[in-house]
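A.B. asks:
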Amino acid sequence: MHKEITIFNETILPGESKTINMQIGKLHTMTDLHIPIIVERSKKEGPVVLLSAGLHGDEINGTEIVRELIVRKINKPKCGTIICIPVINIFGFVNQTREFPDGRDLNRIFPGSKTGSLASQFAYYILKEIVPHLDYAVDFHAGGARRFNAPQIRIVPNNEELKILSDVFGAPFTLYSNNISGSFRSSCDKMGVKMLLFEGGKSVDINNEVTKEAVEGTKRFLSHLKMLQPKHSVSERHKTIYIEKSDWIRANYSGMFHGLKSIGSFVEKGELVATISDPFGKVSHKLKAPQTGYLINVNDAPVVYQGDAVFHISSQLEE
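Read the sequence shown against my numbering and you will find it ends at 1238, with the numbers running on by one and no gaps.
1. In or out: S1105 buried (at least 16 other Cβ within 10 Å) or exposed?
2. Within a Cβ cutoff of 6 Å, which residues of the same chain sit near I1009, ignoring the five residues on either side of it in sequence?
3. If you pair each beta-carbon of the region 1106 to 1119 with each one of the region 1071 to 1088, do three or more pairs fall below 8 Å?
4. Can you tell me which residues form a DSSP beta bridge with I1223?
5. For the beta strand (DSSP E) holding L1236, just list the boundary residues, first then last.
6. When you compare each of H1060, I993, S1096, H1143 to G1089 by their alpha carbons, which one comes out closest?
7. In whole angstroms, what separates the C-alpha of P1198 from that of V1222?
8. Cβ of A901 within 8 Å of Cβ of V1229?
9. How do the region 1206 to 1224 and the region 1175 to 1184 stand: do at least 3 beta-carbon pairs fall below 8 Å, yes or no?
10. Straight-line CA distance for L1053 to I1195?
11. Going straight from the alpha carbon of K1033 to that of Q1040, what length do you get?
12. Among the candidates G965, L1141, G1226, P966, whose CA atom is the shortest distance from the CA of K992?
13. Of all the options V1134, F1029, Y1095, K1082, which has the alpha carbon lying nearest to the alpha carbon of E983?
14. By the DSSP assignment, the alpha helix (DSSP H) with H1143 in it spans what residues?
15. Give the range of the beta strand (DSSP E) segment to which G1120 is assigned.
16. Ordered along the chain, which non-local residues of its own chain (more than five positions away) have a Cβ less than 7 Å from that of H1151?
17. Less than 6 Å between C-beta atoms, sequence neighbours within five positions excluded: which residues of the same chain meet that for P1076?
18. Within 10 angstroms of its Cβ, does I1007 collect 16 or more other Cβ (buried), or is it exposed?
19. Looking at the unbroken beta strand (DSSP E) that takes in V968, where does it start and where does it end?
20. Is there contact between the region 1051 to 1067 and the region 966 to 983, where contact requires at least three CB pairs shorter than 8 Å?
21. Enumerate in chain order the residues of its own chain whose CB-to-CB distance from T1016 is below 7 Å, with the five nearest sequence positions on each side excluded.
22. Relative to the C-alpha of R1066, which residue among V1123, V1153, I1028, I1004 is closest?
23. Is it the case that the Cβ atoms of I1004 and I956 are separated by a distance below 8 Å?
24. For the beta strand (DSSP E) that contains N1068, what are its first and last residues?
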């Protein structure tokens, strides 16, 4: 039961809407940076859900997803409470970089410290002020290093409740993925919060199809929790493909990269997936699939070096 929610000394009662400005640090110009925390509460009792993005400042597609949920008023719950944080790493968002100004990856530094680095302080206050109120969370991410992720949910293996929620969300793919030490997901899990991690698109980019998949999945997720307002229609979900294991296909040569397969493609072992050429028109090398599987991450960089990860391919599907 959640009668009263207090975040950074601001109390939000049932039926209230409030935007709380989280301010921990400043720019080097002494300019304040505020992180809006948008809280919408129904008068009717129900779960507390966090919809968050921007742990990595350059993963703009996640921010666009949460923005869209707010604009369409999907974040106004029929019951319970929905908390939206469209941008957590506001410093990285301003600079369009993954890390904090101190060079640290916020998603590897949880649970943080009140007196630690700037990133560590952010992690500490998120866990202290927001996570204790939560029952569920969906955290939105995008691929890094110019690699495009197929829309997918990531959950820990052997957790039946998360599997049910992933089925409900209905992304094209679900990857079983263990929690990473120092990650937001790992800390939420330890604090009893049931989190789905969404991946889709690539850094410093907005993709409308990825955004649509995430918004529709979130509506299905909220509908399952009986939190979605009746005015929002719910589309039919995908029968998500569960992937237990996956591998990286790496460039066998350095050169100009020409990918031949689209994201989400199913390829057979030995099938041609890309060519890598020199810039002078003399040499072209073939890159073939080492195994049969789905391509869930595709390289978008025009130039690669030998050993670069260029495709992520499933190696074992759940029966």
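By construction, the Cβ of each residue, glycine as well, lies at the ideal position given by its N, Cα and C atoms.
Bear in mind the structure is a predicted one, so any value in this text is a computation, not a measurement.
C.D. replies: So, from the listed chains and residues:
1. When all chains shown are included, S1105 counts as buried.
2. Result list for I1009: L952, I954, in chain order.
3. Here the region 1106 to 1119 lies against the region 1071 to 1088, with 3 or more beta-carbon pairs under 8 Å apart.
4. The sequence as given places Val at residue 1223; Ile does not occur at that position. DSSP lists G1174 as partners of V1223.
5. Residue range 1228 to 1236 is occupied by the beta strand (DSSP E) that includes L1236.
6. Closest by alpha carbon: H1143.
7. Going by the C-alpha atoms only, they are around 10 Å apart.
8. Lying outside 920 to 1238, the shown extent of the chain, residue 901 is not represented and no answer is given.
9. With a cut-off of 8 Å, the region 1175 to 1184 and the region 1206 to 1224 count as touching, because enough Cβ pairs lie within range.
10. Looking at the two C-alpha atoms, the distance is approximately 48 Å.
11. One C-alpha to the other measures close to 5 Å.
12. The candidate whose alpha carbon is nearest that of K992 is L1141.
13. Measuring C-alpha to C-alpha distances from E983 to each of V1134, F1029, Y1095, K1082 identifies V1134 as the nearest.
14. Here the alpha helix (DSSP H) through H1143 covers 1127 to 1143.
15. 1113 to 1121 is the span of the beta strand (DSSP E), which, as asked, contains G1120.
16. So the list reads I993, K1138, once near-sequence residues are dropped.
17. Same-chain partners within the cutoff: Y1095.
18. It counts as buried.
19. For V968, the uninterrupted beta strand (DSSP E) run begins and ends at 967 to 972, by DSSP.
20. Verdict: yes, contact present.
21. Excluding sequence neighbours, T1016 sits near G976, D977.
22. Nearest Cα to R1066 within the set V1123, V1153, I1028, I1004: V1123.
23. Against a cut-off of 8 Å, the Cβ pair of I956 and I1004 comes out as a contact.
24. From DSSP, the beta strand (DSSP E) with N1068 extends over 1066 to 1074.
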